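**Student:** Mind having a look at this structure? Questions to follow.
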Amino acid sequence: MGGVRGHRIFAGFYDRLNAAAERGFLGKRREALLHGLTGTVCDIGAGTGANLPYLRSAERIVAVEPDPAMRARLARRAPATSVPVEIAEASAEALPFADASADAVVFTLVLCTVPDPDAALAEARRVLRDDGKLVLLEHVRGTGRLARGQDLVTPVWKVFGAGCHPNRDTLGTLRRHGEFELDEVEEFSEIPRWVPVSPMIQVTARPVS
Ligand SMILES: C[S@@+](CC[C@H](N)C(=O)[O-])C[C@H]1O[C@@H](n2cnc3c(N)ncnc32)[C@H](O)[C@@H]1O
């Protein structure tokens with residue numbers, strides 16, 4: 164992982180960039196998805212640690228973050244968390260954990276950025292126990308004109324957004340993946356529909372047995 168390029172400027176702005184959305188709706192969504200997760204919880208692409216305060220029922224949080232600039236902020240936030248946090252320098256596509264070692268795997272605003280979402284989901288399934296839980300909060304591809312607009316802006320957006328693709332069909336990827344049964348799927352939009360990251364999904368799923 165030594166070669167991963169850090170996004171120092173993006174990391175520096177990230178919390179301020181999201182502050183209004185966190186107060187407006189993201190915080191409530193994180194709370195609804197995360198507050199009940201117990202046992203060992205893997206927060207993949209943990210960023211600056213926005214999920215940590217909501218994971219208060221976990222026994223242990225393993226926060227996976229490949230970007231050194233994000234990881235530095237995560238490390239500063241972790242000690243204030245009421246649950247023990249271990250930080251792993253790793254990528255979603257190659258998790259350094261044993262099979263069936265996690266009770267829950269969390270992706271929030273991450274599958275838009277990981278280079279290989281299919282491999283990330285396969286790794287999530289591998290590390291999850293059979294009775295484990297997958298939770299996702301992601302912005303996704305829209306339809307019609309919005310999707311065409313997302314395709315147009317993606318080449319520039321990913322440069323300024325540290326690799327973020329606004330046009331990813333993450334729900335389609337999850338459905339096609341086939342290793343998860345989707346229990347709850349909510350598609351929603353809390354910000355104006357012309358904004359490339361406005362369509363979002365909130366999902367809870369479990370491994371197909
Ligand atoms: C938009 S931030 C989201 C951070 C946090 N999950 C949140 O909800 O605020 C996306 C994060 O995914 C991380 N990331 C990028 N590629 C990744 C990969 N291959 N595996 C795991 N995390 C990755 C980035 O470094 C960044 O911290």
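So in the numbering used here, spot 190 of the sequence shown is number 353, and the numbers just go up one at a time.
Each residue gets a CB set at the ideal place from its N, CA and C atoms; glycine is no exception.
Only a predicted model underlies this, so the values are computations on that prediction, with no experimental measurement involved.
Report the three-state DSSP secondary structure of residue 168 (helix, strand or coil).
**Tutor:** Residue numbering aside, residue 168 sits at position 5 when the sequence shown is read from its first letter. Coil.
**Student:** With a threshold of 16 other CB atoms inside 10 Å of the CB of residue 261, please say whether the residue is buried or exposed.
**Tutor:** What you label residue 261 is simply residue 98 of the sequence shown in a count that begins at 1. With fewer than 16 Cβ atoms within 10 Å of its Cβ, residue 261 is classed as exposed.
**Student:** Enumerated in chain order, which unbroken segments of the beta strand (DSSP E) with a length of 3 residues or greater are wholly contained in the region 267 to 325?
**Tutor:** 291 to 302
**Student:** Tell whether a beta-carbon distance below 9 Å holds between residue 366 and residue 300.
**Tutor:** Stepping through the sequence shown from its first residue, residue 366 is reached at position 203. Stepping through the sequence shown from its first residue, residue 300 is reached at position 137. Yes, the Cβ-Cβ distance between residue 366 and residue 300 is below 9 Å.
**Student:** Which of helix, strand or coil does DSSP assign to residue 331?
**Tutor:** Looking up residue 331 in the sequence shown gives position 168. The three-state secondary structure of residue 331, taken from DSSP, is coil.
**Student:** Give the straight-line distance between the Cα atoms of residue 372 and residue 216, rounded to the nearest whole angstrom.
**Tutor:** Within the sequence shown, numbered from 1, the residue matching residue 372 stands at position 209. Within the sequence shown, numbered from 1, the residue matching residue 216 stands at position 53. Going by the C-alpha atoms only, they are around 31 Å apart.
**Student:** Using CA coordinates, which residue listed in 268, 253 and 284 is at the minimum distance from residue 224?
**Tutor:** By one-based count along the sequence shown, residue 224 stands at place 61. Cα-wise, what sits closest to residue 224 is 268.
**Student:** Which one of 322, 368 and 348 has the shortest CA to CA distance from residue 342?
**Tutor:** As a first step, residue 342 is located in the sequence shown; it is residue number 179 there, counting from the start. Taking only the C-alpha atoms, the option nearest residue 342 is 368.
**Student:** So, helix, strand or coil for residue 178, using DSSP?
**Tutor:** In the sequence shown, residue 178 corresponds to position 15, counting from 1. Residue 178: helix per DSSP, three-state reduction.
**Student:** Suppose the cutoff is 6 Å on Cβ atoms and the five residues either side in sequence are ignored; what does the same chain contact list for residue 194 look like?
**Tutor:** Here residue 194 corresponds to residue number 31 of the sequence shown, with the count starting at 1. 217, listed in sequence order.
**Student:** Would you tell me roughly how many angstroms separate the C-alpha atoms of residue 170 and residue 344, rounded to the nearest one?
**Tutor:** Position 7 of the sequence shown, counting from 1, holds the residue named residue 170. Position 181 of the sequence shown, counting from 1, holds the residue named residue 344. Straight-line Cα distance between these residues: approximately 34 Å.
**Student:** Return yes when at least one heavy atom of ligand 1 lies under 8 Å from the C-beta of residue 361, else no.
**Tutor:** As a first step, residue 361 is located in the sequence shown; it is residue number 198 there, counting from the start. No, the beta carbon of residue 361 sits no closer than 8 Å to any heavy atom of ligand 1.
**Student:** In the DSSP assignment, the alpha helix (DSSP H) including residue 216 goes from what residue to what residue?
**Tutor:** Against the sequence shown, residue 216 aligns to sequence position 53. Run containing residue 216: none; DSSP gives neither H nor E here.
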